[in-house]
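What follows is one structure encoded as structure tokens, with my remarks underneath.
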Amino acid sequence: MMDYETINRAYAILSPVYDFLFDKIFYPGRVAAVDLLEIRPGNRVLEVGVGTGLNLPLYSRDCNVTGIDISKEMLRKAEERVLTLGMVNTKLMVMDGSKLAFPDDSFDRVIATYVISAVPDPVKTLLEMRRVCKPSGHLVILNHFKSENPVIGMFERLLAPVCTKIGFNTELKLMPLLERVALSPDQMHRVNLMNGWRLVRCINP
Ligand SMILES: C[S@@+](CC[C@H](N)C(=O)[O-])C[C@H]1O[C@@H](n2cnc3c(N)ncnc32)[C@H](O)[C@@H]1O
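In our numbering, the protein residues as written are 21 to 225.
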């Protein structure tokens with residue numbers, strides 16, 4: 021399991037180059053993920069692990085967006101983006117996704133893109149996302165999960181020690197994770213390069 025120190029260290033180093041490395045390559049998934057939220061005017065949207073805020077320009081201006089992240093360095097970049105884009109509907113906060121400081125049922129939509137394998141405790145984080153999402157609200161997760169293909173799975177296992185050092189867990193499996201938090205997918209898609217990332221929407225029970 022990854023610890024907070026490793027994650028904070030990894031993203032402090034990555035933050036200046038994060039957009040350069042991850043903007044273009046992960047863009048198709050971002051657009052599809054925000055589309056799946058089906059945001060309605062006035063909706064309250066929570067983005068967990070908002071990072072440098074690459075998704076922020078994709079949200080409509082008639083909803084209220086709260087972005088949280090554990091890394092101050094990543095959030096600093098997101099703040100610059102919010103200022104540059106004049107996104108007055110967006111609030112950013114340093115917060116741990118596994119201990120969200122919001123009351124139950126606070127948000128209509130909750131999203132985490134490229135995050136769930138980058139947190140120390142994916143189960144707790146998803147349970148928190150569920151807790152703060154209203155009943156019938158949309159929960160959207162976009163991530164790379166461990167492949168069911170044994171050959172790719174073997175490469176992922178080989179890469180695991182390196183990936184852990186830079187803050188990614190390559191061993192996370194989608195369906196067992198969803199089962200542990202009692203969520204079932206309402207929509208599932210494969211996105212990005214070689215369809216290697218999974219986009220999942222669950223309707224909060
Ligand atoms: C790969 S980045 C993804 C950033 C952004 N969601 C995106 O789509 O570009 C993972 C983010 O998760 C954040 N993170 C890791 N653990 C976290 C936690 N426990 N709570 C909140 N954010 C966390 C990291 O700081 C980092 O900004």
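Note that beta-carbon positions come from the ideal geometry of N, C-alpha and C, so glycine has one too. Bear in mind the structure is a predicted one, so any value in this text is a computation, not a measurement.
Check: Closest by CA to Val139, which one among Cys83, Arg177, Asp43 and Glu191?
Finding: Of Cys83, Arg177, Asp43 and Glu191, the residue nearest in Cα terms is Glu191.
Next item on the list: Quick one: measure Cβ to Cβ for Phe46 and Asn212, integer angstroms, because I've assumed they're closer than 8 Å.
Entry: Going by Cβ atoms, the distance from Phe46 to Asn212 rounds to 6 Å, so yes, they are a contact pair.
Notebook entry, point to check: Is the beta carbon of Ser35 sitting closer than 8 Å to the one on Met94?
Noted result: When the beta-carbon positions are compared, Ser35 and Met94 come within less than 8 Å of each other.
Next item on the list: Name, in chain order, the residues that DSSP records as bridge partners for Gly87.
Entry: Partner(s): Glu67 and Leu112.
Notebook entry, point to check: Between which two residues does the beta strand (DSSP E) carrying Arg81 extend?
Noted result: First-last for Arg81: undefined, no H or E at that position.
Note to self: Using DSSP's beta-bridge definition, name the partner residues of Asn163.
What the structure shows: According to DSSP, which records beta bridges pairwise, Asn163 is partnered with Arg218.
Next item on the list: Could you spell out the range, first to last residue, of the alpha helix (DSSP H) harbouring Arg200?
Entry: Start and end: Leu194 to Arg200.
Margin query: Closest to Asn163 by C-alpha separation, out of Met174, Leu120 and His209, would be which residue?
Written below: Answer by Cα proximity: His209.
Margin query: Quick check on Thr110: buried or exposed, where buried means 16 or more other Cβ atoms within 10 Å of its Cβ?
Written below: Thr110 sits buried, since 16 or more C-beta atoms from the chains shown fall within 10 Å of its C-beta.
Check: Would Asp89 pass as a contact of Gly71 if the rule is Cβ separation under 8 Å?
Finding: With contacts defined by Cβ atoms closer than 8 Å, Asp89 and Gly71 form a contacting pair.
Check: Cα separation between Ile172 and Arg150?
Finding: As the crow flies, the alpha-carbon of Ile172 is around 31 Å from that of Arg150.
Next item on the list: List the residues that DSSP assigns as beta-bridge partners of Ala30.
Entry: Bridge partners of Ala30: none, in fact.
Item checked: Entirely enclosed beta strand (DSSP E) segments - the segment 123-172, minimum 3 residues -> The segment 123-172 contains, as complete beta strand (DSSP E) runs of 3+ residues, the segments 127-133 and 153-163 (chain order).
Check: Does the segment 126-141 come close enough to the segment 48-60 that 3 or more CB-CB pairs lie under 8 Å?
Finding: In short, these stretches touch, since the Cβ pair count reaches three.
Next item on the list: For Ile45, name the three-state secondary structure that DSSP assigns.
Entry: When DSSP states are grouped into helix, strand and coil, Ile45 belongs to the helix group.
Check: With respect to the alpha helix (DSSP H) encompassing Val102, which residues constitute its N-terminal and C-terminal limits?
Finding: Run containing Val102: Lys92 to Leu105, per the alpha helix (DSSP H) assignment.
Margin query: Taking 8 Å as the threshold (C-beta atoms), are Thr86 and Ala105 in contact?
Written below: Before going on, a small fix: residue 105 reads as Leu here, not Ala. Going by beta carbons, Leu105 and Thr86 fall outside the 8 Å limit.
Note to self: Let me check you understand the geometry: is the CB of Leu66 closer than 7 Å to at least one non-hydrogen atom of ligand 1?
What the structure shows: No; taking the cut-off as 7 Å, the Cβ of Leu66 has no heavy atom of ligand 1 nearer than that.
Notebook entry, point to check: How is Met174 classed by DSSP in three states: helix, strand or coil?
Noted result: In this structure, Met174 counts as helix in the three-state DSSP scheme.
Next item on the list: Tell me whether Val51 sits in a helix, a strand or coil according to DSSP, three-state version.
Entry: Helix.
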